[in-house]
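These notes are about the structure you will find just below.
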Amino acid sequence: MKFLRHATAAFLLAPFTPALAQLTYVDATDGTTGNTSLSDGGVLDASDTTGATTWRQRDSANFGASATVFEGVEPSPEICTRLTGLTPGQTYQVYVHFWDPQSTNEAWNIRAGFTSGSLTLFTREAAALTGSTASVLASSLSFDTAPDLLGPISGRENLAGLLGTRVADVNGEIAVYLDDYGSTDVNYRTWYDGLSYEAVPETYNITYVDASLTQTVRWDGSTFSPAAQGTTALDNNWELRTLGNSATVFESNADGAEDAPLLVSTLTGLKPDTDYVLYAYFWSDGRNWRLKASADASDIQDNGTPADLSDDFLPSSPLTNFAAIDTDGGTATIAPAAIALDFETSPLVTESNRTLRQASLGLATSNASGEISIFIDDLAAVGEPGRTWFDGLGYKQATPLDPEGDEDGDGLTNAQEETIGTDPYLVDTDGDTYGDQTEWLAGSDPLDPLSVPPLPGNALEISPDGAWTWFNDERAIFHQGSLFTGYVKSNGEYGVTRYDPATDTSYVMVVSTANSQQQDDHNNPSITVLPDGKLMVLYAKHLGGSQFYQRTSLVALPSSEADWGPEITHAVPANNTYNNTYLLSSESNRIYNFHRCINFNPTITISDDLGATWQTSVAFIEVGSGNVRPYPRYCSNHTDRIDLIYTDGHPRDVENSVYHMYYRAGGFYRTDGTLIDSFDNLPLDHEGGQRGSVIYQYSNDSWGENDGPNDWIPTGRGWTWDVHYGKDGNPVCVFQVQADDVTGTGWNHDRIYYYYARWTGTEWQKRFIAQGGRPIYSDEDDYGGGMTLDPEDPNIVYISSSAADPFALDSISDVPLSVNERFEIWRGVTSDGGLTFEWEAITQGSPADNLRPIVPENHGYDRSLVWFYGTYTTYTNFSAKVLAILNNGLAVSDFNKSPLATSATLKWDSSPGQSYRITGSDDLQSFPVGVAAGIPSQGPSTEHTFTIPSPLDTSTRAFFRVETEEP
């Protein structure tokens, strides 16, 4: 067997023309040398007039092709005409030919079929006789070899009844059985003339082969004895589940991290030495279930350890590592859902909450015995989230491709694949997890795994793995020139990354321990700067116990896990989630931690010694009886004030309005300064009227003549996103409103609407500013893509939207979605207090979603944004990178040169990760003189000293320009 990892399109591409039907007619002949006999094998002698056979040959030139027609007169026996000289294994379409008068009061007929005793009755028109099937005029068909006579002759016409398709046997033959109607009425006679056939063009759909113990064995030759369903021990073995196709699925890692043995599953009965397109199939329940598969023996290694305790696939090939949902940090190729119509006979493609996934393995050539072996394995020791349910294999013969077709579904035509040089059978030819079309459009090389498309928005990668909820803060801050960002990794660890713009370096650190980690995005750390410059992070499990966790850095700029003190656990009164920490310098550096705890409601816990100890937790806002929880978003000036916007509850449970209040000097106030109550009298009785100022009021009412979405969305429920202070010190906020079943029925027909609001000094002025599109996923149909304010200038807002046109605001019911329903990020700027915005795209055409943007405090850049990019399936199942944009407009801020000096120094505003060059001119008309190149950014500001080159060193005047170098 030969494996063709990359099939060149030139080898496979050919002009494509549809096959034209061309029938070959074969006249029925009797006797010992004829093609027609009695069905029991006896000789048919149609010239016998004694009545022994009761089939009579009509040999007048006026009757039938080749002047012979077999006429049946009951009781006529069943006969058989055998087509010969066909291609063994080829499928043919077959017609039976008989004659019928044009008279409407006669119904001549024939019975015919491929199985003796099971024949179809044909007449000119359907149901002319009981149960009969219609035929067509033979003259309407296209023949390569036609009958001599088609009619009409003497009022009779040659009819053709379609028997269907049949595969020629190993001898290249097809047998057709025939009989008359069984009536002595001359109006119902049978005049049988012959057969016609045509080869059916092969469709080359996929043939599915279910994996079984008869053709699936261990690679190492040991006896393969999978465990029975229900075995829960971590035995490093496959478990045989009675699910999927043929109730046989090979499962691993479902009961915990293990490593099942490498398998070999063999396809048999193929054409020898023939190229086939190969597939492997596995199941997923919506999570990122996995499979390793390859038909290439070079992908397998013998590492000298037992096969069931090692990963015998070479580790560096995404082409052999498949995942259901996402690329798992760039280590796997996504396997799309199998499509029933792609198969000759469709297997089961859905079952319960599971979907069959199709892993494309490329081309391989069968051996001389017509066999291809495919290697199958699990992903070693990944556990439940990445379990393997291997179900079977698929194949189809490789054929010349239609240039305008798209065989692999990657968005490139087969002709384009030939031009580019990519494999028309693989979405990702070079195995770097970026599809061929994605790379081609982005300008990277789809044949080079080291060449990958730039990140969305030409962003910086802060962490290769991370996501967050938006109810913990501060999630990202600038501190002493570095960006610190907290997140949850896909494996449940909590990370903090320090990104140093001066060196374009990320220091990725894990702050959680085995005791505190949990695979849930609710648990991302809050980051607080302490007076000595060190950092304190707080984090908690999502409903995972009555505690929160704390670590404090040992240095001001932690860059490794060794730079953090021990994890400290602090008990709280009830199940705990979220942390929002704010230090107020005017209160002797008291730290307030806002979390969800007592009565499932917002709760406050205070530290007066910089986190060394924490006071008894205090209920903050009281709603419900342990099953309703307001959702607050906080901000602080870090001196004497903490603001929050919040809701009545979760939008799936409560008809949410949105409120604002703030804390200052021991009291909680509405926006206009009206005291709600003091800290000492907490909790606030929300249902009793102790609530903040209303920003958005929920209403079921339809709009009146002067109403619209700037007022409310009928039945739309609010949820909070961000709040900060304007230049005048007044609060500014953004929030969403969600409505169900807007464009149809189902979660993906729900729509989300984005709002911007600011306190004018006397009232909350709000505006509907953008369409958010659909929710992120079905079970949380209130989760939008996200929105955020720039804390240094809240006239700037960023949104993540899946709407085709987020700024088509004329309708709240006609909201189409973007291509692939992708979430992209947009930047809006208002110059009139939020009444209108100018928008620009930050990301476009992204291969994955861009979600939950945030702007870090104290960033100091013209543009600063952090978000996560990837696949987000649920809040416990995601695979995403943490990205950032830190951009300054290029502007020279200083130039220094002494009059007689031969060197000079330029300083300019710069962007991390960029490279610059300096060019010179003596006339400002052009800058032809190269001065310096390849100057790396030093962060928000870059300075470079250079020698003034000739001829500028002797010129009476010289000008210098800084330019960004393209990568």
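Using mature numbering (1 follows the signal peptide of the UniProt record, and there is no 0), the letters of the sequence shown correspond one by one to residues -21 to -1, 1 to 946. Ideal placement from N, C-alpha and C gives every residue a C-beta, glycine not left out. Note that the structure is predicted; figures quoted are calculated from it, not measured.
Here Thr329 has Leu335 as same chain residues with Cβ atoms under 8 angstroms from its own Cβ, once five neighbours each way along the sequence are excluded. In the DSSP assignment, Gly909 forms a beta bridge with Thr898. Along the length of the region 710 to 787, whole alpha helix (DSSP H) runs at least 4 residues long do not occur. In the three-state scheme derived from DSSP, where H, G and I count as helix and E and B as strand, Asp542 is classed as helix. Ranked by how close their Cα comes to the Cα of Ala314, the residues Ser485, Gly341, Leu320 have Gly341 in first place.
Beta-bridge partners of Lys706 (DSSP): none assigned.
In the displayed model, Asn660 falls within a helix according to three-state DSSP.
Of the residues assessed, Gln497 falls on the buried side of the cut-off, its CB having 16 or more other CB atoms within 10 angstroms. For the 8 angstroms CB-CB criterion, Leu663 and Ile655 form a contact. Using a Cβ distance threshold of 8 angstroms, Tyr734 and Gln717 do not count as a contacting pair. Around the beta carbon of Val910, a 10 Å sphere encloses 16 or more other beta carbons of the protein chains shown; the residue is thus reported as buried.
The closest CA to that of Thr943, considering only Asn867, Asn856, Phe527, is found on Asn867.
Here Val673 carries a strand assignment [DSSP, helix/strand/coil]. Residue environment for Asp172: buried (at least 16 other C-beta atoms within 10 angstroms of its C-beta). DSSP links Asn829 through a beta bridge to Tyr848.
Around the CB of Gly96, fewer than 16 other CB atoms lie within 10 Å, so the residue is classed as exposed. Put simply, of Leu129, Ser485, Asn503, Lys468 the residue whose alpha carbon is nearest the alpha carbon of Trp449 is Asn503.
Partner residues in the beta bridge of Phe939, as assigned by DSSP, are Gly899.
Per the coordinates, the alpha-carbon of Asn84 lies some 56 angstroms from the alpha-carbon of Gly349. Per the DSSP secondary-structure output, Lys860 pairs in a beta bridge with Tyr848.
The C-beta distance from Asn555 to Phe527 rounds to 6 angstroms, short enough to meet the 8 angstroms contact threshold. The Cβ atoms of Arg806 and Ser825 lie no closer than 8 angstroms to each other. For the 8 angstroms CB-CB criterion, Ile621 and Pro609 do not form a contact.
Inter-residue distance for Pro835 and Gly465 is about 11 angstroms (C-alpha atoms, whole angstroms). At a Cβ-Cβ threshold of 8 angstroms, Lys520 and Val534 do not count as neighbours. By alpha-carbon distance to Leu509, the top candidate from Glu440, Arg220, Ala553, Ser586 is Ser586.
Listed in chain order, the non-local C-beta contacts of Leu434 below 8 angstroms within the same chain comprise Glu440, Tyr848, Lys860, Leu862, local neighbours out to five positions each way being set aside. Taking the C-beta atoms as reference points, Asn451 is found nearer than 8 angstroms to Tyr557. The beta-bridge partner set that DSSP reports for Asp632 is empty. A contact is defined here as three or more CB-CB pairs under 8 angstroms, and the region 233 to 244 fails this definition with respect to the region 315 to 322.
Pairing Trp170 with Glu50 gives a Cβ-Cβ distance under 8 angstroms. Contact between the region 54 to 73 and the region 156 to 168 is present, with at least three C-beta pairs closer than 8 angstroms. The count of Cβ pairs closer than 8 angstroms, one atom from the region 914 to 933 and one from the region 878 to 886, reaches three, so the stretches are in contact.
Annotation: the continuous beta strand (DSSP E) that includes Ala550 extends over 547 to 550. In the three-state DSSP reduction, Phe261 falls in the strand class (E or B). Between the alpha carbons of Leu903 and Phe938 lies a distance of about 7 angstroms.
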